[in-house]
Structure formats: C-alpha cells, structure tokens
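Worksheet for the structure shown next.
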Amino acid sequence: MNLFSDIRALVIDALAEMSAEGVLPAGLDTAAVAVEPPRDLAHGDMATNAAMVLAKPAGMSPRTIADALAAKLVADARIMTAETAGPGFLNLRLAPGVWQDVVGAALAEQSEFGRSTLGQGARVNVEFVSANPTGPMHVGHVRGAVFGDALASLLGFVGYDVTREYYINDGGAQVDVLARSAYERYREANGLDPEIAEGLYPGDYLIPVGEALKAKYGTTLIDQPESVWLADIRVFATEAMMQMIRDDLAMLGVQMDVFSSEKALYGTGKIEAAIETLRGLDLIYSGKLEAPKGKQPEDWEEREQTLFRSTAYGDDQDRPVQKSDGSWTYFAPDIAYHYDKVTRGFDILIDILGADHGGYVKRLKAVVAALSGGKVPLDVKLTQLVKLWKNGEPFKMSKRAGTFVTLRDVVEQAGKDVTRFIMLTRKNDAALDFDFDKVLEQSKDNPVFYVQYAHARINSVIRKAGEAGIAADDATLAGANLDLLGHDAELALARKIAEWPRLVEIAARGHEPHRIAFYLYELASEFHGFWNRGNDDASLRFIQEGDAATSQAKIALARATGVVISAGLGILGVTPVEEMR
RNA sequence: GGCCCCGUAGCUCAGGGGAUAGAGCGACCGCCUCCUAAGCGGUAGGUCAUAGGUUCGAAUCCUAUCGGGGCCGCCA
1057 MNLFSDIRAL
1067 VIDALAEMSA
1077 EGVLPAGLDT
1087 AAVAVEPPRD
1097 LAHGDMATNA
1107 AMVLAKPAGM
1117 SPRTIADALA
1127 AKLVADARIM
1137 TAETAGPGFL
1147 NLRLAPGVWQ
1157 DVVGAALAEQ
1167 SEFGRSTLGQ
1177 GARVNVEFVS
1187 ANPTGPMHVG
1197 HVRGAVFGDA
1207 LASLLGFVGY
1217 DVTREYYIND
1227 GGAQVDVLAR
1237 SAYERYREAN
1247 GLDPEIAEGL
1257 YPGDYLIPVG
1267 EALKAKYGTT
1277 LIDQPESVWL
1287 ADIRVFATEA
1297 MMQMIRDDLA
1307 MLGVQMDVFS
1317 SEKALYGTGK
1327 IEAAIETLRG
1337 LDLIYSGKLE
1347 APKGKQPEDW
1357 EEREQTLFRS
1367 TAYGDDQDRP
1377 VQKSDGSWTY
1387 FAPDIAYHYD
1397 KVTRGFDILI
1407 DILGADHGGY
1417 VKRLKAVVAA
1427 LSGGKVPLDV
1437 KLTQLVKLWK
1447 NGEPFKMSKR
1457 AGTFVTLRDV
1467 VEQAGKDVTR
1477 FIMLTRKNDA
1487 ALDFDFDKVL
1497 EQSKDNPVFY
1507 VQYAHARINS
1517 VIRKAGEAGI
1527 AADDATLAGA
1537 NLDLLGHDAE
1547 LALARKIAEW
1557 PRLVEIAARG
1567 HEPHRIAFYL
1577 YELASEFHGF
1587 WNRGNDDASL
1597 RFIQEGDAAT
1607 SQAKIALARA
1617 TGVVISAGLG
1627 ILGVTPVEEM
1637 R
C-alpha cells in the first residue's frame, strides 16, 4: 500500500470528474500533479499542487480550481478537510482511520510493505566493483560494492528484474604483471630469493599463490623462460585473485549473479563484431588525435589510430579503440562487453564506477546509445573518494597489500553492517569521511547505532509485554484494535511509516540508495521521540498494565515501525539487531 | 584549454521547481521512583558561493564568474 499514490489517484479522479462536468476544460495534462507531505505539519497531512499546475492551461485562477477540487475530495471518507492555502495549495487532512490502516498494512505485509511494481519486471543490469583481478579489494572498492549492491536490492524491491554483474579485467597487461609477480613468489616458495622488480605487485597476498604454484608445479618452472610459464601462471593467479575477491565480497555480504570475463571476449569475434556494427553507423574511422590542451606531454607525437566518434554524442574528443600497432585498447573490449549486455536483453544498464573514471562516462553512454539504437539507457554512477580516519588522523595502514588499505582491514575493524550503513550515509557523488572511532561509537552521533537502537527498543517492548502477560506476537498484533491509536504523537509516527513506500519509489527512481539510510534515521528519531513521551505521559507508553487491547494497539504501532526499519536495513544489506549488548 | 563532481548554520551534511530552508555535532537551558537517559525536549545560530536569466513560484532549472576536488593519447 502506498498512501500517497492512493490519494494522488483520488485527486486525479476528481479532476477527471471536474473535466467531465465542464468545471475544468477537457484534456488537461495532469502529469505534474503531485501529492506530497507538506513541509510544515500545520498545513495538514498532505498537500497537492494540482490547482497551481493546472491554473494556466485551464485559464482559471488557482484558488477557484482548488476550491472546486476541495469540494470533490471531502466527499471521500478518507479526507477530513481540504483547505485552499497560500498561492493555491490544497491542504488535506486525513481521517485517523487512514493512519491506523497504514499500521495495519505494515503488519499485514511485513517485509513486503513498501514494495511496488514500479519496475514492472524490466530487466536491469547493475555492473559494479569490477576490480582488477590483481589483488585483494581495497577501500576504494568498498563504496562501489556497497552502493551497487544496495541499489540492486532497492531496484529489486520496486519490481525490477535485477542482475548483479562483475566485469573481470583479465585481458590486459596487468594480468601479465600479476603472473610475473606470482612467479617470483613461486621461486620464493622454492627457497629462492624473490626479485620483486619495480612495477611488479609486492603484496604479501601472492605468497600463498606462490606456495600453491609450488604444490602444482614443484620445481619444474624454475629458471624456465617466461614463454614457458606465463600463460599458465596468468590463468592460475587470476583464478586465485578472483577467489580472494569473491571472499572479500562475501565479507561485505555481496553476492554477484554473473562474472563476465574480458579475456573471454578475445578470439570470439565479439570485439570485431561490435566495432563493425559501429563502423556501419559511421562511428569508426582512422585518424589522429591532437595532444590534450593545457597538459603538455613531452613525447607527444601524432599517430594514426582507429577512433570511435564519441564527439557525435557530446564527448570532447574521439576515442581510440585500436593502438597504433593495431592491438585493441581497453576501450574496445569494453564496447563489446556493453554490446553483449545489450544483446542479452537488458532494458536498463547501470555502471558503478570510481570517480577517477569520470572522463569515461560520455564514451560509454555514446557506445550504448549507438549500439542499442537509443533504446537502452545507461546510467553511470560515480562513487567519490572515501577518506579513512582513525585517532583523529588519516588512516593509511597497509597490512597485507603493500600500499593500500584493504576491504578486509575495514570490515574486520568496523564490521559488515557498520561499514555498509556508513558507506550509504552520503550520496554517491559526494566525498565521504569514514572515521573508525565514530562509526564504532554507541551514541546518536553514529547513525547506524541510532537506527539499530530503535529496532532493539521495539523488540524490548515486545519482550516486556510478554513478561507482563500481554500477548504481542505478530498474529495477535494483526488483530489488534487499531482504533485505539488516536493520540497526535501516535499518528505522527504512523505518518512517518506511511512515507516509506513513497520514499522507496523516489530513491529507486533516482538510483539513490542513500535516501533509505536518511529516512531510517528520521524514522528512528521519530520513534525515540515518541518513546520518551512515555516519560512525561504514562498513557503514551506502549505497555498499559491491565489493558491488553490498548497495549496491543500501541505495540502494533511499534512493531510496524520495526517492520519498516527491518525492511530498510534489508535493502541496505544491514542486519537489524534484536538487542543492544 | 576541456570535461565531471562539490560549494546550504561555527563543523559534518540532508533537501535538487512550491508555503516560514532542515538534521546531527558543538554551545546554552531542561527531563530518569517510569517499557534500555546508549535516549528525549527546548534556545541560539542562514545574503542556500556570486551575478544574471527562465517561471505564477528558484537553494533546486539555464548561463557566466569565483573557490575546492577529480580526470584528460597507444594504463586498465
């Protein structure tokens, strides 16, 4: 149930009736008509801008339309009052029963409450993480991993058919470097001194790979030329790295549906086919690029390359798909990969990339637009940097990796739930500070704790009710007489709960999972506030000794809050706690 | 030189066409014989970077400028 869309439908119906009756002109476009919670509660429960939006096309004054609309709306049992205000807002006050029904719906629907059919089963591919298979995941990947996973869950919740996908960059020169690095660790495992030359990966994480290579090959590869072992070790090491990355993702609670390999695109004709398709659209040509202005590469020389005409889609420069020696650039398999996603039948593509890939966005969008005939939208979300802090200073530990803080470092210290929640407390395109001291603090400075505490309190109430001999299981609560909820403070909490389905849709439309985190904080705040009202006014406590019916109605409200917190945390991939200990 | 992101209370940030711009922290004043005070209520604090434009209406959209960050050929 989504109360806001229900009331909006009521408004739209009323407007249609007014058109049919000749009060309004026929054929008005009502797309811009909105029903929203007003900023100021004194203005009522909901407000619609219908009169202001329609005034001009209807050639009538906003207040005239608003007054006529008000007369229609109050005929509905849900609408108590409808008042024209300000420049032409129509402020609606809803009957208490409406809010009681929201509580009932949350209890009845449980984790389904707030789910919608917005996506209508459209197939969405969310590609995220896609870290190079050359080492463990580091902090830079964590934000993208959490963001992508939460976005995928959010889209699934509103009715999209979501695929979580990881693109393995196993086709380029960096996997050769990986293989050479692993070879040195293999030599080390055989008692020789490893020669970790400049440019090789120095991290400890390759030591076990060296051991495994020794177990497999013994000493047979020692002193052999690269041509003998490079291909085999490349495969071996890449698989080992991917296993490590899967383990890292599992620590964060991320489960991919599909792993796609860059290497697998080579030799299949897929890259050539994608490029030829673009050539057929006159988007591929041979030419030379100019040196970038403002930056002066010393050894710049013009070279003839195969270029993609991304300027046709607003990019500031055409982009090379082939190097001057005829081999593919990184971009070429990426074109084929996105073509592959389109041909697999996805209706919407989403790429989650680090902010350093900002310059890459336009060419990707160009490719997808061209190869899908403009039918498949690609949304690229860039996640900005995460700055780690500990003890009041930047945190730059490098336990295993040589140079970077790993995902494992973060999750081991902060925990999966805290890490995930904090990563979503900022919109993706703003930089984020992650302070180990603060995120582990048990106070309201820490939003994770604050939300979890609300959930724990709700469970506490239910436990206490049991001790007081009041049945408070979900089956009993579902039958509670919610008419007993009538106090303003109770209805205010129900109002916040009623916003959940609307909030979910807004977050999903904007691909903005952080809105869930902010909403949960607000809901928790509303709950804590209500909780404390019980200190001043005993009649507002959840448990009313000797009055099971009233207690159950109040506990139903608490439980409905818990249902929403639990659902919201579920989308964020955070486990709700039952008690704080 | 170009492209992308950011600029909102002392600090950290929400809000991204609608009414008197919100929250947390910090400051100040209150609230525990009572379901977890790990919490709650209140007070103070704003030229929404600047200047134009679009609109019935702009923190929000457009343009320019200023400030901070990121990126910019055969790296992936």
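Residue numbers for the first sequence follow my numbering, beginning at 1057 and rising by one.
The C-beta atom is built at its ideal place from N, Cα and C for all residues, glycine as well.
Distance between residue j and residue i (C-alpha atoms, nearest Å)
i     : j     : result
R1551 : L1066 : 18 Å
A1320 : R1290 : 14 Å
V1633 : V1517 : 14 Å
R1637 : K1500 : 16 Å
Q1600 : K1472 : 38 Å
K1455 : A1536 : Confidence in K1455 is poor, its pLDDT being 49 and thus under 50, which makes the residue's placement unreliable; the coordinate value appears in the next sentence. Computed Cα separation, rounded: 55 Å.
G1602 : P1152 : 25 Å
D1407 : L1541 : 46 Å
P1264 : F1505 : 38 Å
T1631 : A1293 : 34 Å
W1307 : I1301 : The sequence as given places Met at residue 1307; Trp does not occur at that position. Near 10 Å, if we compare the C-alpha coordinates of I1301 and M1307.
K1437 : N1502 : 26 Å
G1204 : V1091 : 30 Å
S1117 : D1123 : 10 Å
E1546 : T1399 : 52 Å
Y1416 : I1621 : 37 Å
I1135 : E1523 : 40 Å
R1335 : H1194 : 38 Å
A1510 : V1233 : 50 Å
P1143 : E1077 : 25 Å
L1665 : N1591 : Residue numbering for the chain in the displayed model covers 1057 to 1637; residue 1665 lies beyond these limits and cannot be assessed.
A1486 : V1202 : 15 Å
L1694 : I1391 : With the chain represented from 1057 up to 1637, any question about residue 1694 goes unanswered, as that position is not in the structure.
V1495 : V1310 : 21 Å
A1422 : Y1369 : 6 Å
G1274 : H1413 : 42 Å
I1224 : V1231 : 11 Å
D1132 : D1096 : 24 Å
Contact under 7 Å by Cβ, residue i with residue j
i     : j     : result
L1148 : A1161 : no
L1163 : L1533 : yes
E1318 : D1226 : yes
Y1395 : L1427 : yes
L1174 : G1215 : yes
V1507 : L1576 : yes
V1424 : L1409 : no
A1616 : I1553 : yes
V1109 : A1141 : no
F1315 : Y1222 : yes
V1218 : V1185 : no
E1561 : S1283 : no
K1446 : F1490 : no
E1635 : A1527 : no
S1237 : L1262 : yes
Cβ distance (whole Å) where residue i is taken to contact residue j below 8 Å
i     : j     : result
S1342 : E1360 : 6 Å
L1488 : R1199 : 7 Å
E1103 : F1145 : Reading off the sequence, residue 1103 comes out as Ala, not Glu. With 8 Å as the limit, A1103 and F1145 qualify as a contact, their Cβ atoms being about 5 Å apart.
Q1378 : A1388 : 7 Å
I1278 : R1243 : 7 Å
H1567 : L1207 : 6 Å
R1365 : L1339 : 5 Å
D1304 : R1464 : 6 Å
L1125 : L1071 : 7 Å
R1031 : G1629 : Beyond the ends of the chain as shown, which are 1057 and 1637, falls residue 1031; an answer cannot be given.
A1178 : I1404 : 6 Å
Beta-ladder partner(s) of residue i, from DSSP
i     : result
D1435 : I1406
A1111 : Note: A1111 sits in no beta bridge, so no partner.
G1343 : Q1361
I1135 : L1150
L1444 : F1490
F1145 : A1141
M1102 : L1148
Length-filtered (4 minimum) alpha helix (DSSP H) runs lying within the region 1544 to 1613
1544 to 1565, 1570 to 1592
Contained beta strand (DSSP E) runs [length at least 3] in the region 1374 to 1410, N- to C-terminal order:
1375 to 1378, 1404 to 1410
At 4 residues or longer, what runs of the alpha helix (DSSP H) sit wholly inside the region 1238 to 1302?
1263 to 1273
Note down, one range per segment and in chain order, each beta strand (DSSP E) of at least 3 residues found wholly within the region 1448 to 1517.
1488 to 1491
Entirely enclosed alpha helix (DSSP H) segments - the region 1166 to 1238, minimum 4 residues:
1195 to 1213
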